[in-house]
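Numbered according to the working numbering, the sequence shown spans residues 2 to 199. Quick reminder that beta carbons are idealized off the backbone N, C-alpha and C, glycines included. Computed from a prediction, not measured in an experiment: that's the story for all the values here. Below is one structure, written out as C-alpha cells, with a few remarks after it.
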Amino acid sequence: MDYYSSQISSLIEQLGRLPGIGAKTAQRLAFHIICMPTEQVEHLAESMVQAKKNIHYCKVCCTWTDSEICPICTNVKRNRKMIMVVENTRDLAAYEKIGKYEGVYHVLHGAISPTLGIGPTDIKLKELMLRLQEDVDEVIIATNSSLEGEATAMYISKLVKPTGIKLSRIASGVPVGGDLEYIDEVTLLRALEGRIVL
Ligand code: ZN
C-alpha cells in the first residue's frame with residue numbers, strides 16, 4: 002500500500018484487524034473516518050478507550066458491564082432463583098430483547114470445544130457452580146445448538162444434576178448451529194417457553 006501515506010496505511014491496517022472487516026471495507030472505513038468531523042472521530046476513539054478501560058465482568062452473572070454488578074442482577078424485580086446459562090453477552094441481549102424472561106442470567110463467555118482447545122476451566126463454569134450454592138430453583142441451559150453448545154449443555158447437566166436443582170434446556174426450535182443472536186424473537190420465545198426438563 003505504498004501509494005497511501007504511512008498514516009493512512011496504518012489506519013487501514015488497524016481497521017482490517019477487526020473481525021469481519023476485509024481489505025476493501027477497511028479502506029472504505031478509513032476514508033470515511035478521515036472525512037468525519039474531528040469531534041466525531043475523537044468521540045469514537047474516546048468511546049473505545051473508555052469501554053476498554055471500564056468494562057469488566059459482572060461480579061454475579063459474569064456479563065460485560067461498567068458497574069460492579071450489572072443492571073439485571075441489581076434489578077429487584079428479577080427472579081434470582083431462575084438462572085439462564087448463555088454463551089455470551091450477545092445471547093443475553095437476544096433474550097432481553099423479547100422482554101418476557103424474568104429470571105437472571107449466567108454468561109459463560111464461550112463453549113467447550115476440544116478442537117479449539119477450550120475446556121471447562123476456560124469458561125465461567127466455576128462461577129456458575131458457586132452461584133448454585135445459593136437458593137436456586139431452576140437452571141435453564143440456553144447454549145447454542147452447535148456441537149460446542151451441545152457439549153457444554155451436556156457438561157453443565159452433569160454438574161447440576163447432583164444438586165437436585167430443576168434443570169431444563171431450551172427447546173429445539175432453535176436451528177442447529179444457529180447463533181442465538183440471529184434468531185428472531187418469536188423463535189426464541191418459543192424455545193424458551195417450550196424448554197425441556199432434563
Ligand atoms: Zn450480572
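For residue i, the three-state DSSP class (helix, strand or coil)
i      : result
Tyr156 : helix
Leu148 : helix
Lys198 : For clarity, residue 198 is Val in the given sequence; the question names Lys instead. Residue state, collapsed to three classes: strand.
Leu168 : strand
Glu135 : coil
Ile184 : coil
Lys141 : Per the sequence presented here, residue 141 reads as Ile, with Lys not at that position. Strand, per DSSP.
Pro20  : coil
Ser11  : helix
Pro163 : helix
Ala192 : helix
Spatially closest choice to residue i from the options, by CA coordinates
i      : options                        : result
Leu93  : Lys101, Arg81, Val108          : Val108
Val87  : Thr188, Arg191, Ala152, Ile141 : Ile141
Leu129 : Leu193, Ser146, Val61          : Val61
Asp185 : Glu97, Gly23, Gly111           : Glu97
Gly165 : Asp136, Cys71, Glu43, Thr122   : Asp136
Glu69  : His57, Lys167, Asn80           : His57
Lys167 : Ala192, Leu16, Asp138          : Asp138
Ile157 : Leu12, Ser147, Gln134, Lys127  : Lys127
Leu133 : Ala143, Met37, Tyr106, Glu151  : Tyr106
Thr64  : Val50, Lys78, Glu47, Arg91     : Arg91
Whole-number beta carbon distance between residue j and residue i, since they are thought to touch under 8 Å
i      : j      : result
Leu190 : Ile99  : 5 Å
Ala95  : Asn145 : With a Cβ gap of about 11 Å, Ala95 and Asn145 do not count as contacting.
Gly31  : Leu45  : Here residue 31 is Ala; the residue named in the question, Gly, does not match the sequence. With a Cβ gap of about 13 Å, Ala31 and Leu45 do not count as contacting.
Glu103 : Asn89  : No, Glu103 and Asn89 are not in contact; Cβ-Cβ is about 21 Å, not under 8 Å.
Ser169 : Ile197 : 6 Å
heavy atom of the ligand GTP below 7 Å from residue i C-beta
i     : result
Ala31 : With respect to small molecules bound, the structure shown includes the ligand ZN and not the ligand GTP.
ask   = What runs of the beta strand (DSSP E), each 3 residues or longer, lie entirely inside the segment 44 to 130?
value = Within the segment 44 to 130, the complete beta strand (DSSP E) runs of at least 3 residues are 80 to 87, 104 to 108.
**Asked** Under a criterion of Cβ closer than 6 Å to any non-hydrogen atom of the ligand ZN, which residues qualify, in chain order?
**Response** Taken from the N-terminal end onward, the list reads Cys59, Val61, Cys62, Thr64, Ile70, Cys71, Ile73, Cys74.
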